[in-house]
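Working notes, beginning with the structure itself.
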Amino acid sequence: MNTPRIFQVIRRTEEIPATVTLEIQPCDGSPLVPFKPGQFNMLYQFGSGEVPISFSGALHSGALQISDRYIHTLRAVGKTTEAFAKLQIGDQLGVRGPFGHGWPLDKLAGKHVLIVAGGLGMAPLRPLLEVLLSELEKYAGVQLFYGGKRPEELLFYHQLQSWREVIDVQLSADRADANWSGHIGVITQLLEAARPPINNTIAVVCGPEIMMRFCVQTLQKLGLTEDSIYLSMERNMHCAIGHCGHCQWGPNFICKDGPVFCYADIAPWFYQREL
Amino acid sequence: MKTVADLVREHALFAGMDPTQVDFIAGCGQLKRFACGDYLVRENDPADHCYLIMAGRAVIETHQHNRPPVPLLTLNANDIVGWSWLTPPYRYQFDARAITNLRTIQLDGRCIRQKCDSDPALGYELLKRLAAVMVSRINCARFQLLDVYGGPTP
């Protein structure tokens, strides 16, 4: 798992500007190591570098199954991710993983699940949502709250529409024109109006840290306890196995102990500004 | 059939408020419906009313010359539209437009001001509640300015 395997791109989708989804398969045809929603791979681009990227899909051909490919969605924000965003079908890359702890699927059964995503944070939540949707009867309810700066910056637009047929999907944009039928404002306003069954609700949140901070405050105002909120955290991950220390955060290594954490376990560190 | 007082009592702004005080305020209200596209208030018009949204959605927006209006905030059931009636010069600062059919309680601003002047306890209670809404709106406006969705995520 710690030596990169060579994969090739078998499908490439431009999601929104500077953001692509890559579907990749091992070049040697060997089976994929199964992953859990919320985990990540280290993707290695020859000559550029290595970056941690969460799994962004589990579905293949419309049905949930042990997939024959990994799916990753990434935004070109630096030299390495820009190189990944330029990859075309047939291009090769190195892959280490899967790494880390994913979303707490075992704790969600029977619960009302609030999925809260911001910007590119929808990507690590999509595999979780796909699992929940494949066995919807196991949960008391599923609601998705997804916010972005502008409507055209929301990921997976067509899927959002199809999810809307089976679960409550509420979309929010900071700015939009009059053609936008979703909420204009911030995602916390939608959350405040959600009125979930507080004693039986678990919230899973993924997005930029500042957005998660505001969402946690809102969820707590609604009455959710610290142990019913889960977050996917981000720090500068290099080795992905807790050796190098780059992603140390208080007593935790994000790569090894996260990236998904229960808020109750990290609350003391969440407002430490120096970390 | 529900009375205006019943409906005002159901609105989140008045949750837990002394029923006598709510009834007193409801005396300034009447049911008002808007069709999708109707304006509730227009910028610079006299701010004589505020609206408690009971059902439907509205948008706060501002206009600009030769360009489409700029939507700023969507409001839903249990939200309140307009507080320019509260402070001089009592003129609306933004437009508010229904983006679905809308059911509201229209409260007469002058009537409420008079009642609050005559009953300071009621005025204080109402201002505390409105201040909470205003704080929430200010926080949300700051949140919007931050571009919180822009950062990279794992």
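Protein sequence lines, in the order shown, are assigned to chains A and Y.
Residue numbering for the first sequence follows the numbering used here, beginning at 483 and increasing consecutively.
Residue numbering for the second sequence follows the numbering used here, beginning at 6 and increasing consecutively.
Virtual Cβ for every residue (Gly too), placed ideally from N, Cα, C.
No experiment lies behind these values; they were computed from the predicted model shown.
Could you spell out the range, first to last residue, of the alpha helix (DSSP H) harbouring residue i?
i, result
"residue 44(Y)", "Not the alpha helix (DSSP H): residue 44(Y) falls in the beta strand (DSSP E), residues 44-46."
"residue 12(Y)", "9-15"
"residue 697(A)", "691-704"
"residue 749(A)", "745-752"
"residue 720(A)", "Where residue 720(A) is concerned, there is no enclosing alpha helix (DSSP H), given that its DSSP letter is neither H nor E."
"residue 643(A)", "639-645"
"residue 18(Y)", "Segment: none, residue 18(Y) is in no alpha helix (DSSP H) and carries neither H nor E."
"residue 28(Y)", "24-31"
"residue 588(A)", "587-590"
Just the chain Y side, please: which residues come within less than 8 Å of residue i by C-beta, in chain order?
i, result
"residue 631(A)", "152, 154, 155"
"residue 507(A)", "Residues of chain Y passing the Cβ test: none, with the nearest at roughly 22 Å."
"residue 666(A)", "64, 76, 77, 78, 79"
"residue 517(A)", "None at all; the shortest Cβ gap to chain Y is about 14 Å."
Take the Cβ of residue i as the centre, count every other Cβ of all protein chains shown within 10 Å, and call the residue buried at 16 or more, exposed below.
i, result
"residue 545(A)", "Residue placement at residue 545(A) is flagged as unreliable, the pLDDT there being 44, under the threshold of 50; a coordinate-derived value is accordingly withheld."
"residue 593(A)", "buried"
"residue 755(A)", "exposed"
"residue 624(A)", "buried"
"residue 609(A)", "buried"
"residue 712(A)", "buried"
"residue 80(Y)", "buried"
"residue 725(A)", "exposed"
"residue 680(A)", "exposed"
"residue 485(A)", "exposed"
"residue 159(Y)", "Unreliable placement is indicated for residue 159(Y), whose pLDDT of 42 sits below 50; no coordinate value is reported for it."
"residue 665(A)", "buried"
"residue 516(A)", "exposed"
"residue 54(Y)", "buried"
"residue 145(Y)", "buried"
"residue 495(A)", "exposed"
"residue 661(A)", "exposed"
"residue 21(Y)", "exposed"
"residue 543(A)", "Caution is warranted here: a pLDDT of 39 is assigned to residue 543(A), below 50, making its placement in the model unreliable, and the coordinate value is therefore given only provisionally. Answer is exposed; the Cβ neighbour count stays below 16."
Closer than 9 Å, CB to CB, is residue i near chain B or not?
i, result
"residue 125(Y)", "The displayed structure is made up of protein chains A and Y, and chain B is not among them."
I'd like to confirm the pairing. Which residues does DSSP put opposite residue i in its beta bridges?
i, result
"residue 557(A)", "501(A)"
"residue 619(A)", "Per DSSP, none; premise fails for residue 619(A)."
"residue 495(A)", "503(A)"
"residue 100(Y)", "66(Y)"
"residue 524(A)", "534(A), 578(A)"
"residue 446(A)", "Residue 446(A) lies beyond the residue range present for chain A, which begins at 483 and ends at 757; the question has no answer from this structure."
"residue 119(Y)", "BP columns for residue 119(Y) are empty, so no partner."
"residue 732(A)", "Answer by DSSP bridge pairing: none, since residue 732(A) is not bridged."
"residue 632(A)", "Paired residue(s): none; residue 632(A) is not in a bridge."
"residue 487(A)", "577(A)"
Along the chain, where does the beta strand (DSSP E) containing residue i start, and where does it finish?
i, result
"residue 668(A)", "Unbroken run through residue 668(A): none, as it is neither H nor E."
"residue 2(Y)", "The question about residue 2(Y) has no answer, for chain Y in this structure spans 6 to 159."
"residue 39(Y)", "34-39"
"residue 654(A)", "650-655"
"residue 79(Y)", "72-80"
"residue 598(A)", "594-600"
"residue 113(Y)", "107-113"
"residue 58(Y)", "54-60"
Residue i: beta carbon under 8 Å from a heavy atom of the ligand MG?
i, result
"residue 697(A)", "Summarising the ligand content, the structure contains no ligands, and the ligand MG is consequently not present."
Give the interface partners of residue i over in chain A, defined as CB-CB distance under 8 Å, in chain order.
i, result
"residue 149(Y)", "656, 657, 667, 668"
"residue 145(Y)", "667, 668, 670, 671"
"residue 83(Y)", "675"
"residue 73(Y)", "659, 660"
Run down chain Y in chain order and give the residues with a C-beta less than 9 Å from the C-beta of residue i.
i, result
"residue 770(A)", "No answer is possible for residue 770(A): it lies beyond the span of chain A, which begins at 483 and ends at 757."
Determine the chain Y residues that contact residue i at a beta-carbon separation under 7 Å, and present them in chain order.
i, result
"residue 600(A)", "153, 154"
Who are the neighbours of residue i on chain A, taking C-beta pairs under 9 Å?
i, result
"residue 51(Y)", "Those within 9 Å of residue 51(Y) in chain A number zero; the least Cβ separation is about 26 Å."
Is the stretch 125-142 of chain Y close to the stretch 99-106 of chain Y, with three or more CB pairs under 8 Å? no
Tell me, please, whether the stretch 67-80 of chain Y touches the stretch 108-117 of chain Y by the rule of three or more beta-carbon pairs shorter than 8 Å. no
Okay, do the stretch 740-755 of chain A and the stretch 11-25 of chain Y touch, 3+ Cβ pairs below 8 Å being the bar? no
Contact between the stretch 133-147 of chain Y and the stretch 655-671 of chain A (3+ Cβ pairs under 8 Å): yes
Is there contact here, the stretch 503-522 of chain A with the stretch 573-580 of chain A, by at least three beta-carbon pairs under 8 Å? yes
Between the stretch 82-91 of chain Y and the stretch 55-65 of chain Y, can you find at least three pairs of beta-carbon atoms closer than 8 Å? yes
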